[in-house]
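In full-length UniProt numbering, the protein residues as written are 1 to 79.
Even glycine gets a Cβ: it sits at the ideal position worked out from N, Cα and C.
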């Protein structure tokens, strides 16, 4: 699995969300930029992402995912 594939998939499923993905194979690090998701509790944020990645996790295509969440303003300040 490639990082670009994960990025395209998640951005297609989560409108108004940008995802920066690092990693390859079955291990990925996600920076998720979304005002909507940033407003949720940490557990709810992760649930939103895992809900979409679950088929790939279940079949072993993805083994490990780490996530950081940012509002658009926080991401702009960071970069």
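Cβ shell of residue i (< 6 Å), same chain only, five flanking positions each side left out
i	result
residue 26	62 and 63
residue 22	29
residue 1	61
Close beta carbons around residue i, own chain, < 8 Å, minus the five adjacent residues each side
i	result
residue 78	70
residue 48	14, 37 and 40
residue 11	17, 18 and 19
residue 3	21, 22, 23, 24 and 28
Contact check, residue i vs residue j, beta carbons under 7 Å
i	j	result
residue 43	residue 32	no
residue 52	residue 13	yes
residue 34	residue 17	yes
For residue i, the residue or residues it bridges with in DSSP
i	result
residue 24	27
residue 49	In the DSSP output, where bridge partners are listed per residue, residue 49 has none listed.
residue 69	32
residue 18	33
residue 64	27
Contacting residues, own chain, Cβ-Cβ under 7 Å from residue i (five flanking each side not counted)
i	result
residue 75	33
residue 46	67
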